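The working numbering puts the first residue of the sequence shown at 26, with every later residue one more than the last.
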Amino acid sequence: MLRTVIPRVKTDVLDQLSETDAQAVRAVLAAATAADGAAPISEHVLLQFGSAAGVGQHLVMRDASGEVAGYAHREDAAEPDGPRPIVDAEAVVAPASRRQGYGRALLEEITSEGRLARIWSHGDHPGARALGARLGYRVVRELQQLRRSLSGVTPADLPEPVLPDGVTLRTFRPGEDDAAWLGVNARAFSWHPEQGRMTQADLDDRKAEPWFDPAGFFLAEADGEVIGFHWTKVHPEGPERPIGEVYAVGVDPSRHGGGLGTALTLAGLRHLAGLGLDTVLLYVEADNAPALKVYHRLGFTAFSVDVVHEGPYPESAQH
Numbered sequence: 026m027l028r029t030v031i032p033r034v035k036t037d038v039l040d041q042l043s044e045t046d047a048q049a050v051r052a053v054l055a056a057a058t059a060a061d062g063a064a065p066i067s068e069h070v071l072l073q074f075g076s077a078a079g080v081g082q083h084l085v086m087r088d089a090s091g092e093v094a095g096y097a098h099r100e101d102a103a104e105p106d107g108p109r110p111i112v113d114a115e116a117v118v119a120p121a122s123r124r125q126g127y128g129r130a131l132l133e134e135i136t137s138e139g140r141l142a143r144i145w146s147h148g149d150h151p152g153a154r155a156l157g158a159r160l161g162y163r164v165v166r167e168l169q170q171l172r173r174s175l176s177g178v179t180p181a182d183l184p185e186p187v188l189p190d191g192v193t194l195r196t197f198r199p200g201e202d203d204a205a206w207l208g209v210n211a212r213a214f215s216w217h218p219e220q221g222r223m224t225q226a227d228l229d230d231r232k233a234e235p236w237f238d239p240a241g242f243f244l245a246e247a248d249g250e251v252i253g254f255h256w257t258k259v260h261p262e263g264p265e266r267p268i269g270e271v272y273a274v275g276v277d278p279s280r281h282g283g284g285l286g287t288a289l290t291l292a293g294l295r296h297l298a299g300l301g302l303d304t305v306l307l308y309v310e311a312d313n314a315p316a317l318k319v320y321h322r323l324g325f326t327a328f329s330v331d332v333v334h335e336g337p338y339p340e341s342a343q344h
């Protein structure tokens with residue numbers, strides 16, 4: 026049996042990453058993505074790199090030579106204060122530094138000062154499962170990635186969206202529609218720990234990204250008010266051809282049950298099909314049965330899963 030050795034490490038806790046540290050962390054992320062088949066850090070965290078107005082803290086763990094061996098991002102959770110402070114976190118250990126104790130040391134840094142952490146494991150990495158179980162973490166959330174093929178599919182091959190009476194569809198106007206979109210997004214995702222917290226700054230960050238295209242951002246209106254949306258995204262070409270994404274579909278709760286969600290989803294899919302993409306993906310909570318029903322009916326199937334480990338709970342630790 027391999028013995029886990031907790032290394033002598035230096036961890037810098039930073040409000041902002043320097044360009045040098047950001048480049049070093051990106052190299053670790055690229056190596057981990059290649060090794061694991063899944064990006065270890067979400068878009069939300071990547072948008073904090075280099076931002077003086079970013080949210081949360083960057084934890085940069087270095088080995089004895091000063092090389093980056095691990096990285097984590099943590100930020101205060103939205104819940105009111107309880108007996109333990111709660112943080113949301115994401116973490117990665119460089120592939121060359123794994124099974125040497127860096128993962129455990131990184132988790133201990135994330136949860137220092139008695140913090141309870143909710144830590145993402147993108148791709149549900151088996152190593153993260155094993156380490157979490159040993160240290161008293163529980164899986165409390167599952168996010169499924171679904172995909173469907175668009176290869177050879179034209180917009181005309183997909184059903185025409187059928188909008189409810191009195192509802193019209195148009196594209197997003199940056200600046201003019203920001204407040205209306207933020208309002209309907211907050212209502213549609215009031216239950217969602219990330220999407221429902223989107224602010225003007227979050228929206229501005231995404232509008233500044235190279236992939237942002239208002240032509241693929243659809244708004245549904247009724248009586249002059251925005252009541253739903255479908256925001257699509259095209260991931261740039263990397264190891265595989267560009268992939269489309271159903272980035273976010275939301276419907277005002279007062280408009281649920283009328284088929285608007287399906288119509289919006291189809292409008293975005295037809296747009297992505299018109300770009301000549303081979304594949305489209307989306308993320309959906311594993312317990313969101315109504316959304317899963319819609320997406321399965323539109324040809325999406327399971328591709329991968331991300332999970333959230335919550336802890337540590339010492340009484341659950343495996344020894």
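Glycine included, each C-beta is placed from N, C-alpha and C at the ideal position. Since the structure is predicted, the reported quantities are computational estimates derived from the model, not experimental observations.
Across which residues does DSSP place residue i in a beta bridge pair?
i	result
VAL38	LEU84
HIS334	ILE144, VAL164
ARG99	GLN82, ALA114
ALA250	Correcting the residue type first, residue 250 is Glu in the shown sequence and not Ala. DSSP lists ALA247 as partners of GLU250.
GLU270	LYS258, LEU306
ALA327	LEU171
Considering only their Cβ atoms, is the gap separating residue j from residue i smaller than 9 Å?
i	j	result
GLU23	ARG143	Beyond the ends of the chain as shown, which are 26 and 344, falls residue 23; an answer cannot be given.
ILE66	ARG99	no
ARG173	VAL305	yes
ILE252	ASP227	no
ALA247	GLY191	yes
GLY283	PRO189	yes
HIS147	ALA56	no
GLY241	HIS296	yes
ALA213	GLY275	yes
LEU289	PRO184	no
PHE24	LEU171	With the chain covering only 26 through 344, there is no way to say anything about residue 24.
ALA97	GLU115	yes
GLU201	VAL333	no
Is it buried or exposed for residue i, if we count other Cβ within 10 angstroms and need 16 for buried?
i	result
ARG124	exposed
GLN73	buried
ASP230	buried
ARG195	exposed
LEU307	buried
GLN169	buried
What number of angstroms, rounded off, separates the C-alpha of residue i from the C-alpha of residue j?
i	j	result
ARG33	ALA94	11 Å
ARG140	ALA102	11 Å
PRO339	LEU285	46 Å
LYS258	PRO239	10 Å
ALA158	GLU68	27 Å
ALA119	PRO199	39 Å
ASP40	PRO218	22 Å
SER137	VAL53	23 Å
ASN313	ALA89	45 Å
SER279	TRP216	15 Å
VAL112	LEU132	12 Å
ARG266	SER341	43 Å
ARG51	HIS260	17 Å
GLY81	PRO110	14 Å
SER76	PRO180	39 Å
TYR272	HIS255	8 Å
VAL85	VAL38	7 Å
ASP149	HIS83	22 Å
* Can you give, in chain order, each stretch of the beta strand (DSSP E) that sits fully within the stretch 173–245 and has at least 3 residues? -> Taken in chain order, the complete beta strand (DSSP E) segments of 3 residues or longer contained in the stretch 173–245 are 192–196.
* Uninterrupted beta strand (DSSP E) stretches inside the stretch 285–310 (no shorter than 3 residues) -> Within the stretch 285–310, the complete beta strand (DSSP E) runs of at least 3 residues are 304–310.
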